[in-house]
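K.L.:
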Amino acid sequence: MMTRKLPKSPEPSLENLEKLDGMARRILSEIGIRILSRPYLDLLSEKGISMKADRAVFSPDQVDALLGSAPAQFTLHGISREHDMILGDGSSSLAPGYGCASVMDPDGNIRNAIFQDHVDFLKLVQVSDLFHINGGILAQPSDVAAKVSHLAMMYAALIYSDKCVFGIPGRREHMEDIMALAAIRTGGKTPLVQTPRVLTMISPVSPLQVDDTGLAALDVAGKYGQPVILSPGVAAGTTGPIDLAGNVAMATAEALGLICLAQALHPGTPVIFGIQCYGSDMKTGNISIGSPAYALQAKYCAALARYYGVPSRCGGSVTDAKSLSAPAGYESMLSMFTALQNQVSLIVHSAGILDSFAAISYEKFIMDLEIIQMIQFYMDDMTVDDTTLNFDLIESVGPGGLFLTTMDTMKKCRTHTWNPSVALRGHLAGMSPQEKLLKNIQDTRDRMLARYVPPEIDPGVLRAMNTFMQKKGVDPDDLPLYH
1 MMTRKLPKSP EPSLENLEKL DGMARRILSE IGIRILSRPY LDLLSEKGIS
51 MKADRAVFSP DQVDALLGSA PAQFTLHGIS REHDMILGDG SSSLAPGYGC
101 ASVMDPDGNI RNAIFQDHVD FLKLVQVSDL FHINGGILAQ PSDVAAKVSH
151 LAMMYAALIY SDKCVFGIPG RREHMEDIMA LAAIRTGGKT PLVQTPRVLT
201 MISPVSPLQV DDTGLAALDV AGKYGQPVIL SPGVAAGTTG PIDLAGNVAM
251 ATAEALGLIC LAQALHPGTP VIFGIQCYGS DMKTGNISIG SPAYALQAKY
301 CAALARYYGV PSRCGGSVTD AKSLSAPAGY ESMLSMFTAL QNQVSLIVHS
351 AGILDSFAAI SYEKFIMDLE IIQMIQFYMD DMTVDDTTLN FDLIESVGPG
401 GLFLTTMDTM KKCRTHTWNP SVALRGHLAG MSPQEKLLKN IQDTRDRMLA
451 RYVPPEIDPG VLRAMNTFMQ KKGVDPDDLP LYH
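Position 161 (the sequence shown) corresponds to 161 in full-length UniProt numbering; numbering is contiguous.
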């Protein structure tokens, strides 16, 4: 049997991108996006969007015109200016796991997340220099009433972190409350409208539909001048075509359709092209985020965003693994490496995700930080010059010598090598490999939390935030927060 050669991994060709774009535009012009909201059917028609019954349709020229009003790049401002980040400039920024209602231990046991989990993850994200943005739904708390949990999570993010802010999508009242609370923390409504600070992720109802909640989130974010990620989550073979090309094309149509709707409602709204295309397990019908199909489609997401001239978003350290295991490591490495190598603008789910988004894990979160650091070490490349080639050193040691004992090695041994904080090396100190791994993870987590220092907040601003929360039915004294 002939040995199979491994294929090359080229950049997506311009020809392929043009074919995907052509199909997406055909879908938008001939099929359209169903609008599951009577008020928005009327409003969008008034804004110049063509309607066929309950569907918004867009000609290729209209797509070009509306897409042209979206900025090619924009700055998302942190609560502290040191955390400002530019999206769309060719660099990558990281966001942690998002949206989980459960917490998983290393053995795969799951429990309901509580508010303290959300707070603890906020602290870990704040301490880590890998993350540029904090907040969102780090862990959906089961011990806070659903009708106010979005405010509780947002409040915690605004007082426990001074990084950029991930918002939480929802119905109109929900979004207005999120923006009002952010405005109090950042200096008022007028400065907020003038400064992108709160990033909201909005998904359609695949295939090819958007509901009132998604439209309201799009509308309110645009009214406040805040950016949105348009993020179709299309699974090949279930909510999308099983052929990956068809799946990507339909997801692209959904994302372009939402971009067009955002620009029609509020021209100039900063947008991120964020198709989140999954594989599917045809044995169960479940989505698969650990398969190479996920990573391959993420590569096309980045390329299509560059083709359209807008920032991109895809997933990071994601896995289908049901515990802290070997698959959790290699599946996460594939997706995170793909995202960073393809210069995805914002990589969401960069740390903590297990079991196809079903749970977040403290241990996986810490392990994923090491994955990211390893990839960064690789991406930074090596300096090749006379100093690093160091002929004089090689000559002085000579054949059969030992570089370990040279002063050059002594001076550089702590800065020029990869030194993991989690991965196992050396003596196990009487523990099993798994015990030692978990101890390293726990020690790293403990060190990070010990370094946490809450950002300064003006007492008057905190009082105003507390008053707002109380008016909305949430007493901050009932939450495990500092005051």
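Backbone N, C-alpha and C define an ideal beta-carbon position, used for all residues, glycine too.
#1: Who are the near neighbours of His483 in its chain, counting only those whose CB is closer than 6 Å to its CB and skipping five residues on each side?
#2: Looking at the strands, I want to know which residues DSSP matches up with Lys52.
#3: Would you mind sorting Pro232 into buried or exposed? The rule is 16 or more other CB atoms within 10 Å of its CB.
#4: Alpha carbon to alpha carbon, how far is Leu438 from Ala157? Give it in angstroms, no decimals.
#5: Which whole-angstrom value is the C-beta distance of Arg197 and Ala182, which I expect to be below 8 Å?
#6: Alpha carbon to alpha carbon, how far is Ser420 from Ser432?
#7: Measure how close the beta-carbons of Phe336 and Ile372 come, nearest whole angstrom, since I'm counting them as under 8 Å.
#8: Whose C-alpha, out of Val148, Asp386, Arg414 and His349, is nearest the C-alpha of residue 493?
#9: What does a CB cutoff of less than 8 Å around Ser323 pick up in its chain, not counting 5 residues either side in sequence?
#10: Examine the Cβ distances between the region 341-357 and the region 93-101 and report whether three or more of them are shorter than 8 Å.
#11: Return the chain-ordered list of same chain residues with a C-beta closer than 7 Å to the C-beta of Ile168, the five sequence neighbours on each side being excluded.
#12: Inspect the beta-carbon positions of Gly316 and Ile289 and report whether they are closer than 8 Å.
#13: For the structure I just gave you, are there three or more beta carbon pairs, one from the region 260-269 and one from the region 211-230, closer than 8 Å?
#14: Does His83 pass the burial test, meaning 16 or more other C-beta atoms within 10 Å, or should it be called exposed?
#15: Counting only runs that start and end within the region 90-168, where is the beta strand (DSSP E) found for 3 or more residues in a row?
#16: Check the DSSP bridge columns for Phe357 and list the partner residues they point to.
#17: Can you check whether the CB of Leu17 is closer than 8 Å to the CB of Val248?
#18: Look at the Cβ atom of Pro207, then the Cβ atom of Thr252, and state whether they are nearer than 8 Å.
#19: Count the CB pairs spanning the region 448-466 and the region 118-129 that are closer than 8 Å, and state whether there are at least three.
#20: Please classify residue 539: is it buried, with 16 or more other beta-carbons within 10 angstroms of its beta-carbon, or exposed?
#21: What residue from Ser350, Gly32 and Gln341 has the CA that sits closest to Ser332's CA?
#22: Could you tell me if the beta carbon of Ile133 falls within a distance shorter than 7 Å of some heavy atom in the ligand ATP?
#23: Looking only at C-alpha atoms, which of Ala305, Asp392, Trp418 and Arg414 sits nearest to Tyr378?
#24: Pull up the CB-CB distance for Ala217 and Thr195, whole angstroms please, since I reckon it's below 8 Å.
#25: Quick check: what's the CA-CA separation for Gly401 versus Asp368?
#26: What are the residues that DSSP puts in a beta bridge with Ser280?
#27: Once the 5 residues before and after Ser280 are set aside, which same chain residues still bring their CB inside 8 Å of it?
#28: Please state whether the Cβ-Cβ distance between Gln343 and Ala298 is less than 8 Å.
#29: Would you decide whether Arg81 is buried or exposed? Buried here means 16 or more other CB atoms lie within 10 Å of its CB.
#30: Assuming contact is defined by CB atoms lying nearer than 8 Å, are Leu94 and Phe131 in contact in what I supplied?
#31: Starting from Gln209, follow the beta strand (DSSP E) in both directions and report where the run begins and ends.
#32: Report buried or exposed for Asn466, applying the criterion of at least 16 other Cβ atoms within 10 angstroms of its Cβ.
#33: Check whether the Cβ atoms of Leu36 and Asp211 lie closer than 8 Å to each other.
#34: Please classify Ser421: does DSSP put it in a helix, a strand, or coil?
#35: Counting C-beta neighbours from all protein chains within 10 Å, is the total for Val318 16 or more, i.e. buried, or is it exposed?
#36: Check whether the Cβ atoms of Ile259 and Leu67 sit closer than 8 Å, and answer yes or no.
P.N.:
Short version:
#1: Residue confidence is low: His483 scores 41 on pLDDT, short of 50, so the model does not pin down where it sits. No coordinate-derived value is stated.
#2: Arg55
#3: buried
#4: 28 Å
#5: 6 Å
#6: Here the sequence assigns Pro to residue 420, which means Ser is not the residue at that position. Rounded to whole angstroms, Pro420 to Ser432 spans 18 Å at the Cα level.
#7: For the sequence presented, residue 336 should be read as Met rather than Phe. Contact flag correct, Cβ pair sits at about 6 Å.
#8: This structure cannot speak to residue 493, because the chain is shown only from 1 to 483.
#9: Met104, Pro106, Asp107, Gly108 and Leu354
#10: yes
#11: Gly136, Ile137, His150, Met153, Met154 and Ile178
#12: no
#13: yes
#14: buried
#15: 102-104, 110-112, 133-135 and 164-166
#16: Paired residue(s): none; Phe357 is not in a bridge.
#17: no
#18: no
#19: yes
#20: Coverage of the chain is limited to positions 1 through 483, which leaves residue 539 absent and any answer about it impossible.
#21: Ser350
#22: With respect to the ligand ATP, the structure shown offers nothing to examine, as it has no ligands at all.
#23: Trp418
#24: The Cβ separation is near 19 Å, so there is no contact.
#25: 39 Å
#26: Ile287
#27: Ala235, Ala236, Gly237, Thr238, Ile242, Asn286, Ile287 and Ser288
#28: no
#29: exposed
#30: yes
#31: Gln209 to Asp211
#32: buried
#33: yes
#34: coil
#35: buried
#36: yes
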